[in-house]
């Protein structure tokens, strides 16, 4: 086999441009899809690193060979060298390459790619250059093809900043995707402990599991480039393992990591963003039976109790919560990304009870709506930080709550960065002339570290609570001081529950049992949110009605929304039912208030006040489509001032309706003739 002993490899600070050139060439000239081009690109990078680590010069093509290849489309020497290298790679990385795997490139494309990469030393190029190359190149392509594996970099770095890993702690990401959490942990440790060897830390302290072979290849490649290490065993000292974290037994996962983890009884730190949003439910009953959270739970005697009955299906992230806690050692810390519904929904109260039984809640941090929109889902999320504890151990240590309002990028498909500006609209810059990203992640993390030192929070979007304050929910908005203060003020003013002053219609209309009947149907969008009016009703045959068609309304009823993104905002839909809509059917996105014991026009007015809307915003749950449960809606407090004030407000609202009706009649009386 030909050796290129005289070839001197050079560092490169422009790997991104080289990667882009090669990927685009493969895509354009070999008829590959972007994803296929990426797969072949990853194979080439493994070959290149294997050659550098072995000290050889086999990943190369001479000028004569290149000229002959272009002229004859033959390159036997190149094929032989690459074939031997790929055999070595498949042997060293048996968990991510099959023995039957092949380089699926034309000889011309292979020769061109080798010729482009051969003078560069990937291992010796600067860490910044390699980090940029993967962040901008591989991560972007990973995001486009497998969005569920991608976690935004600001979220990754924030979690690591909050957890503050130490050099002797072993970190696991059980759904590691392209390795973002692990790389961020490495860089944090290198910043705080400059003497730490990247090679040793990657080999001894970082572990990742993922179910997807292609994505594991990317994660291993990233860490290999960071390690700059000599040849190791089974993956070259990079502990990224292709396995299903939910199906593989806990003990097997621990044994596959390191003896230290076995000795400690689990991992010191777990960082996880389990797949959610589009993954569906796990329905394998044999797998569900292995999980406590794979069974049905009941609530009685003030507590949740696990039954023996297996659920029909469970979302992936719920099982990941249990699996992460099982993999964590006692005293270990954990950060996990979860949809907001897991912090709020009454149907998931058993999950939060399970968490509190097995761990101490350290912090809850709410993320802005746009966080995951560029990466494939609009699901609103929060971050949960836990410390595993023994069942008998209890702590009165306060829980930290924070709300990130600026993530540093727009919620568009490209996650366009946002930068701080001065009063003139000019972009502010750092001392090195780089724009300052507009984010508040760093200030929230700093406030958390101050809190850990016993100092009070200074930011308005941060507060702390004793654990006994939690009533089953974990969400920021429910416990926000301004919301708790509002409830206290209302209670002190003897406000009454909405269920005490009006009947809440709960039964479906009997007309819906007549399939051939024709009905008028009212949706949330049929309300003028500024004037309390129903402005439209659509005629349907009963069998054509959407399944959400529910309640028959009558004159004098009040409709108010309990579902949709607008609830709790100033676009919250509320309306008075007038005679022309008597007998219509409305969606179950409304609750119908009937027979109020107070002035109906005052009640109508109250449902548009901040006193009501802030309670709805506080009570609403759900990560995708927010809603308010019947129990929470019934418990919303209505402020009742003096009777004279109620009468005065009610009269003004009634008069407003009369004026609108008079205006309508006036317009209708106008005629125009030729």
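Numbering (my numbering), first residue to last: 149 to 822.
Backbone N, C-alpha and C define an ideal beta-carbon position, used for all residues, glycine too.
For the 9 Å CB-CB criterion, residue 615 and residue 505 do not form a contact. Annotation for residue 752: 680, 706, 722, 724 and 801 place their beta carbon closer than 8 Å to its own, counting only its chain and skipping 5 residues before and after. Within the region 311 to 392, the beta strand (DSSP E) runs of at least 3 residues that lie entirely inside it are, in chain order, 319 to 321, 354 to 358 and 387 to 390. Residues 794, 797 and 798 of the same chain have their beta carbon placed closer than 6 Å to that of residue 750, with the five preceding and five following residues left out of the count. Residue environment for residue 465: buried (at least 16 other C-beta atoms within 10 angstroms of its C-beta). For residue 573, no pairing in a beta bridge is given by DSSP. The region 697 to 721 contains, as complete beta strand (DSSP E) runs of 3+ residues, the segments 697 to 700 and 706 to 709 (chain order). For residue 235, no beta strand (DSSP E) segment is defined; the enclosing uninterrupted segment is the alpha helix (DSSP H) at 224 to 240.
DSSP assignment within the region 721 to 797 yields the following whole beta strand (DSSP E) runs of 3 residues or more, N-terminal first: 722 to 724, 733 to 735 and 738 to 742. When only Cα atoms are considered, residue 714 and residue 817 end up about 36 Å apart.
Residue 454 and residue 264 have their alpha carbons spaced roughly 60 Å apart. Going by DSSP, residue 563 is part of no alpha helix (DSSP H) at all; its letter is neither H nor E. Secondary structure of residue 674 (DSSP, three-state): helix. Residue nearest to residue 710 within the set 792, 627, 347 and 741 is 741 (criterion: CA-CA distance).
Cβ-Cβ distances below 6 Å link residue 686 to 669 in the same chain, with the five nearest sequence neighbours on each side left out; the list follows chain order.
With 16 or more other CB atoms across the displayed protein chains lying within 10 angstroms of its CB, residue 462 is buried. The beta-bridge partner set that DSSP reports for residue 514 consists of 530 and 551. Straight through space, the alpha carbons of residue 482 and residue 510 are spaced by roughly 9 Å. Around the CB of residue 299, 16 or more other CB atoms lie within 10 Å, so the residue is classed as buried. With 16 or more other Cβ atoms from the protein chains shown falling within 10 Å of its own Cβ, residue 653 counts as buried. A check of alpha carbon separations from residue 411 across 476, 360, 375 and 350 identifies 476 as the nearest.
Sorting 494, 487, 230 and 495 by C-alpha distance to the C-alpha of residue 513 places 487 at the top. Within the region 418 to 452, the alpha helix (DSSP H) runs of at least 4 residues that lie entirely inside it are, in chain order, 433 to 436. Residue 462 has 430 as its beta-bridge partners, per DSSP. Here the C-alpha atom of residue 363 lies approximately 9 Å from the C-alpha atom of residue 390. Counting of Cβ neighbours within 10 angstroms places residue 485 among the buried residues, the total reaching 16 or more. Of all C-beta pairs linking the region 553 to 564 to the region 334 to 347, fewer than three are shorter than 8 Å, placing the two stretches out of contact. Per DSSP, the unbroken alpha helix (DSSP H) holding residue 600 starts and ends at 589 to 600. Contact between residue 531 and residue 503 does not hold, since the beta-carbon distance rounds to 14 Å and is not under 8 Å.
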